Ligand code: SF4
Ligand code: SF4
Ligand code: SF4
Ligand code: SF4
């Protein structure tokens with residue numbers, strides 16, 4: 002009996018996937034047939050890399066997976082079942098997150114590979130594999146939020162909780178809440194770290210009126226906000242002022258902040274509350290990564 006064109010294509014795809022061993026690997030099982038075929042079609046021409054908006058980051062961070070042509074080669078190796086070391090997988094994870102979702106690679110690829118789709122898929126696959134990724138907590142992870150409806154809600158929340166725990170595990174004062182804190186607790190390296198932003202030192206102007214906390218829509222959403230959020234905005238400003246790093250960066254409030262700027266707009270002392278929360282997020286992610294390495 003004569004086969005239809007689509008049956009022939011299906012058979013050819015199955016044979017290709019079987020030949021490459023893609024379907025036997027955890028990665029192969031999770032990428033679509035089309036994506037696996039696309040991985041195989043890459044000619045390593047590096048056109049994507051020459052147009053990538055973050056390729057320049059490779060000059061500062063020696064991770065070849067920042068470059069899309071090399072990133073796709075690593076993904077292809079992983080999907081083929083070639084064992085990558087834990088460091089290579091971490092490098093790949095950093096590579097798929099160091100991307101601005103600009104689509105330039107996809108637009109210029111002469112083979113027509115939808116690279117952006119592959120990055121998104123691999124981001125989620127690595128997360129679901131249980132590798133905590135702190136960047137998903139940063140404001141730059143908004144893209145994942147936009148795609149929330151496409152995944153199931155349980156899988157969306159799990160990596161977020163895992164990443165928050167990863168940060169809190171580095172904060173002694175958050176783990177051992179009954180412990181007495183030494184005074185004066187100023188950590189000079191921490192205050193210097195806050196100095197990265199031109200405005201960030203202004204937390205010292207805070208006189209504790211709690212207006213920031215009162216106007217915050219996240220705080221007012223909860224009946225008992227401290228139970229869920231940990232320190233509230235005015236308390237985080239106090240912790241920052243006292244140099245209590247663990248308390249300032251270990252609070253869930255940092256990650257649940259909507260960046261609405263209401264606190265900052267209404268502060269009578271002109272404290273840039275939202276900007277400071279941003280700064281603290283960066284410090285939390287950076288110091289946790291440094292401690293883990
Ligand atoms: S432009 Fe397309 S074919 Fe060329 S290296 Fe990048 S992904 Fe591969
Ligand atoms: S989508 Fe990401 S990988 Fe592709 S060109 Fe833009 S920054 Fe580079
Ligand atoms: S509103 Fe300003 S002054 Fe009042 S507690 Fe918040 S940061 Fe401090
Ligand atoms: S910026 Fe964040 S902390 Fe400030 S009011 Fe908005 S949600 Fe609350």
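In this note's numbering, the protein residues as written are 2 to 294.
For every residue, glycine included, the Cβ atom is placed at its ideal position computed from N, Cα and C.
Note that the structure is predicted; figures quoted are calculated from it, not measured.
**Message:** By the DSSP assignment, the alpha helix (DSSP H) with residue 121 in it spans what residues?
**Reply:** Start at 1 with the first residue of the chain shown, and residue 121 comes out as number 120. Start and end: 116-129.
**Asked** Helix, strand or coil: how does DSSP classify residue 251 here?
**Response** Counting from 1 along the chain shown, the entry for residue 251 is found at position 250. DSSP places residue 251 in helix when its eight states are reduced to three.
**Prompt:** Which stretch, first to last residue, makes up the alpha helix (DSSP H) that contains residue 172?
**Reply:** Looking up residue 172 in the chain shown gives position 171. Per DSSP, residue 172 lies in no alpha helix (DSSP H) and is assigned neither H nor E.
**Request:** Return helix, strand or coil for residue 208, following the three-state DSSP convention.
**Result:** For the purposes of this step, residue 208 is taken as the residue at position 207 of the chain shown. Secondary structure at residue 208: coil, using DSSP grouped into helix, strand and coil.
**Asked** Starting from residue 49 and walking both ways along the alpha helix (DSSP H), at which residues does that stretch end?
**Response** Stepping through the chain shown from its first residue, residue 49 is reached at position 48. 48-52 is the span of the alpha helix (DSSP H), which, as asked, contains residue 49.
**Prompt:** Below 8 Å, can you find three or more Cβ-Cβ pairs linking the stretch 53-70 to the stretch 99-107?
**Reply:** Counting C-beta pairs with one atom in each stretch, the stretch 53-70 and the stretch 99-107 have three or more that are closer than 8 Å, which means they touch.
**Request:** Kindly provide the chain-ordered list of residues whose Cβ lies closer than 7 Å to any non-hydrogen atom of ligand 4.
**Result:** Qualifying residues, in the order they occur: 213, 216, 217, 218, 219, 220, 234, 254, 258, 259, 260, 261, 262, 263, 264, 265, 274, 275 and 278.
**Request:** Kindly examine ligand 1 and report whether one of its heavy atoms sits closer than 7 Å to the Cβ of residue 112.
**Result:** As a working mapping, residue 112 is identified with position 111 in the chain shown. Yes, the Cβ of residue 112 comes within 7 Å of a heavy atom of ligand 1.
**Message:** Once DSSP output is grouped into helix, strand and coil, what is the label at residue 223?
**Reply:** Stepping through the chain shown from its first residue, residue 223 is reached at position 222. Judged by DSSP in its simplified three-state form, residue 223 adopts coil rather than helix or strand.
**Request:** Answer yes or no: do residue 106 and residue 53 have a C-beta to C-beta separation smaller than 8 Å?
**Result:** Looking up residue 106 in the chain shown gives position 105. Looking up residue 53 in the chain shown gives position 52. Cβ distance < 8 Å, so residue 106 and residue 53 count as in contact.
**Prompt:** Where does residue 106 fall in DSSP's three states?
**Reply:** Here the question's residue 106 lines up with position 105 in the chain shown. Three-state result, residue 106: helix.
**Asked** Cβ of residue 82 versus every heavy atom of ligand 3: is any distance shorter than 7 Å?
**Response** Working through the chain shown from its first residue, we reach residue 82 at position 81. Between ligand 3 and residue 82, a heavy atom-to-CB distance of less than 7 Å is absent.
**Asked** If we count Cβ pairs, one from each stretch, closer than 8 Å, do we get three or more for the stretch 211-227 versus the stretch 257-268?
**Response** Judged by Cβ distances under 8 Å, the stretch 211-227 makes contact with the stretch 257-268, as three or more pairs qualify.
**Prompt:** Is residue 87 helix, strand or coil when you go by DSSP?
**Reply:** Translated into the one-based positions of the chain shown, residue 87 becomes position 86. When secondary structure is reduced to three states using DSSP, residue 87 falls in the helix class.
**Message:** In the DSSP assignment, the alpha helix (DSSP H) including residue 70 goes from what residue to what residue?
**Reply:** Position 69 of the chain shown, counting from 1, holds the residue named residue 70. Looking at the DSSP string, the run of the alpha helix (DSSP H) that includes residue 70 is 69-80.
**Asked** Cα separation between residue 121 and residue 114?
**Response** In the chain shown, the residue the question calls residue 121 occupies position 120. In the chain shown, the residue the question calls residue 114 occupies position 113. If you draw a straight line from the Cα of residue 121 to the Cα of residue 114, it comes to about 13 Å.
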